[in-house]
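Chains as they are written, first to last, in my numbering: chain A, 20 to 382; chain B, 13 to 373.
Printed below as a string of structure tokens:
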């Protein structure tokens, strides 16, 4: 149940969030720059180490670990966050949202449209946010059931294994072509971009680097494929825990008509979910473990999210907004349950209304 | 090209380091290794003048092998990671040395402005400092050379730091063998605040004294006027002229030249309006259009001007509309922060121009 806030309460809530945002913006500086440069350096070291260790066959597992860590860091703490413009203020072309290209088959230009614009603007609005189910899954009770969704757990598993490919294909809106609301021609420009990126990624990981290790070609090939797989599985799980565990709400388009800034913040909080964990876990998740803070302030450097999380939570609680969070295993279990439950027809049982006394501000 | 350079620029290495590029890794090992980017190491710093509060120094830079050289009169963007600041600051400086070839050293002559973080840092720089450079830019250049003789005289009119491009042109001519036999008199007219403020004084005196058909007039404390121009270059309107200096001076000279096509100019800085005003003009450089600034966001003004820039959320979160502002000041309408850095990426949906502003749209 979504708490009801009066327009005045929404405005006050929005102003508190804006104030918090301004405070962080004014404080950005050397520490943030040193941090992201440090992460890039670690990522490069891991990458070089991983590629080099493939020349030592007994070290194969270590090589895969190093390369996986490198790819996870590059995609999440660096790529995702840089493409959100979090470091544009540094004036460093290597960390600029305008030019950054990430180690992923999805072209960054395309990702910035589907993720930064569509997903972050229309977060959890049914029919607008294509991240709800990625066009292939049923992830919300309000999506009408169809026998196709009996395969929900299977599709989710495949999406996890081939996640980077799924993300790249996501933008082709295949489901809209199937249902006739999108024409094939509209995809032509996207096709070219994806194919260019696919060729480059495949050439690097599946031809050139394996070839450079000579007779070890098959081992290196397998190692690179494993690192990509590890990154896919990790990214999928972190991302699915960000919006789909119990507690994360969706919105109808009517609810969001003429939305105020306060309501936008309200929707970001209710539509997102955090994962609790230690500092290393947060870095490896690209700080998407702080999905709530990320959705409130997508362009603030991600290392700031853990620092402001306490304050965000305090503000949300004061307004009676549920701040969803939990350990990884619990969020994963919750998401898995939802994927399986929504494979079958029917809606969840209506939840008992919470006593109003718990939320003095909720009308 | 050395074998190493060829390897660094090879398509194979580019494929192996995709999508980040070779330089991302090379610079980690040695900042002077580059396959595409240009960086330069400061190898010498020489004081040109000790004007209190505004000393001038000439920095000799050794660029990476990627430097493609420059034509006399061109400038470079210098990017500098200032200590104590996380932001890379980029400023434009004209090259003061004669035209260079690929990989050749160049010099920048820089005046430290009281509020110029970059210029003060550069004037006080120590050899060893590494800078980020762009390739040479600009078409305020000298097309003539001793190899293209003619009888038309040449005139350089400069003021303050506007002397650097003209100095580069003069040095190029003399280095390449220009002499008195060319039959093409060169007049070098420069205005500075005082004799102490005069840079390159010894070199210019020597050039003036030598038998080379170059006449140097250094004016201290005076102002340029049509009368002054006629005094040093009687037929100035019919003389190929290169003009560079403070805005006020340039206005006077431009007026004196009227419609004459012989005048070539280079502008260093766009005038900026005081903060909070919606004055000036918003110029869209890529489409060569200009509208009077009405104080709304760059995106709205561009759309009213008939442009179709890309945009997404229109609320400053998605960065789809990011475009490059090349000149002027913008105010972020969300945070109220103003920024005046040249060549800066801005989100046009939440940036409003303050005074004159040029955006690459």
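Beta carbons are placed, not taken as given, at the ideal position from N, Cα and C, and that holds for glycine.
Bridge partners - residue i, DSSP secondary structure assignment
i, result
"residue 335 of chain B", "B:358"
"residue 82 of chain B", "B:112"
"residue 230 of chain B", "B:202"
"residue 75 of chain B", "B:52"
"residue 241 of chain A", "Looking at the DSSP assignment, residue 241 of chain A forms no beta bridge with any residue, so it has no partner."
"residue 70 of chain B", "B:58, B:121"
"residue 144 of chain B", "B:51, B:91"
"residue 149 of chain B", "B:87"
"residue 144 of chain A", "A:270"
"residue 295 of chain A", "A:346"
N- and C-terminal bounds of the beta strand (DSSP E) containing residue i
i, result
"residue 256 of chain B", "252-256"
"residue 170 of chain B", "166-171"
"residue 16 of chain B", "Note, residue 16 of chain B: premise wrong, no beta strand (DSSP E); alpha helix (DSSP H) at 15-20."
"residue 248 of chain B", "No beta strand (DSSP E) contains residue 248 of chain B, which DSSP labels as neither H nor E."
"residue 364 of chain B", "363-371"
"residue 105 of chain B", "100-106"
"residue 138 of chain A", "Where residue 138 of chain A is concerned, there is no enclosing beta strand (DSSP E), given that its DSSP letter is neither H nor E."
"residue 33 of chain A", "No beta strand (DSSP E) holds residue 33 of chain A; the alpha helix (DSSP H) holding it covers 26-46."
"residue 278 of chain B", "275-278"
Cβ-based neighbour list, residue i, same chain, cut-off 6 Å, excluding 5 preceding and 5 following
i, result
"residue 57 of chain B", "69, 71, 137"
"residue 99 of chain B", "none"
"residue 253 of chain A", "91"
"residue 33 of chain A", "280, 281, 284"
"residue 301 of chain B", "317"
"residue 376 of chain A", "Note that residue 376 of chain A has pLDDT 40, beneath the 50 cutoff, so the model's placement of it is unreliable and the number below is only indicative. Cβ neighbours of residue 376 of chain A beyond the five flanking positions: none."
"residue 220 of chain A", "124"
"residue 284 of chain B", "Since pLDDT at residue 284 of chain B reaches only 48, below the 50 mark, its modelled position is unreliable, and the value read off the structure follows with that caveat. Hits under 6 Å: 341, 367."
"residue 246 of chain A", "83, 86, 87, 90"
Residue range of the unbroken alpha helix (DSSP H) whose run includes residue i
i, result
"residue 350 of chain A", "347-360"
"residue 118 of chain B", "Careful: residue 118 of chain B lies outside any alpha helix (DSSP H), inside the beta strand (DSSP E) at 118-123."
"residue 217 of chain A", "207-221"
"residue 176 of chain A", "171-180"
"residue 39 of chain B", "34-41"
"residue 287 of chain A", "280-290"
"residue 89 of chain B", "Premise fails: residue 89 of chain B lies in the beta strand (DSSP E), 87-93, not in any alpha helix (DSSP H)."
"residue 310 of chain A", "310-315"
"residue 331 of chain A", "323-337"
"residue 195 of chain A", "193-197"
"residue 177 of chain B", "175-187"
"residue 269 of chain B", "259-269"
"residue 219 of chain B", "213-221"
"residue 63 of chain B", "Segment: none, residue 63 of chain B is in no alpha helix (DSSP H) and carries neither H nor E."
"residue 130 of chain B", "129-135"
Exposure of residue i, with buried meaning 16 or more beta-carbon neighbours within 10 Å
i, result
"residue 270 of chain B", "exposed"
"residue 91 of chain A", "buried"
"residue 359 of chain A", "exposed"
"residue 330 of chain B", "buried"
"residue 149 of chain B", "exposed"
"residue 134 of chain A", "buried"
"residue 339 of chain B", "buried"
"residue 127 of chain B", "exposed"
"residue 115 of chain A", "buried"
"residue 198 of chain A", "exposed"
"residue 256 of chain A", "buried"
"residue 186 of chain A", "buried"
"residue 282 of chain B", "The predicted position of residue 282 of chain B is uncertain, since its pLDDT is 46 and thus under 50; a value taken from the coordinates is nonetheless stated next. Flag for residue 282 of chain B reads buried."
"residue 87 of chain B", "buried"
"residue 18 of chain B", "exposed"
"residue 62 of chain B", "exposed"
"residue 129 of chain A", "buried"
"residue 49 of chain A", "exposed"
"residue 333 of chain A", "exposed"
Sequence-distant residues of its chain with Cβ nearer than 7 Å to residue i (five each side left out)
i, result
"residue 126 of chain A", "212, 213, 216"
"residue 305 of chain A", "95, 96, 99, 100, 321"
"residue 188 of chain A", "none"
"residue 258 of chain B", "171, 172"
"residue 371 of chain A", "With a pLDDT of 47 at residue 371 of chain A, under the threshold of 50, the predicted position of this residue should be treated as unreliable, though the coordinate-derived value follows. Nothing meets the Cβ criterion."
Own chain, CB closer than 8 Å to residue i, minus 5 neighbours either side, in chain order
i, result
"residue 309 of chain A", "293, 301, 321, 324, 325, 328"
Distance cut-off 7 Å: residue i Cβ against heavy atoms of the ligand SAM
i, result
"residue 90 of chain A", "Looking for the ligand SAM in the displayed structure turns up nothing, as the structure carries no ligands at all."
message = Runs of 4 residues minimum, wholly inside the region 57-100 of chain A: which ones carry the alpha helix (DSSP H) assignment?
response = 79-92
task = Enumerate, from N- to C-terminal direction, the unbroken beta strand (DSSP E) stretches of 3 or more residues contained entirely within the region 294-350 of chain B.
result = 301-304, 334-344
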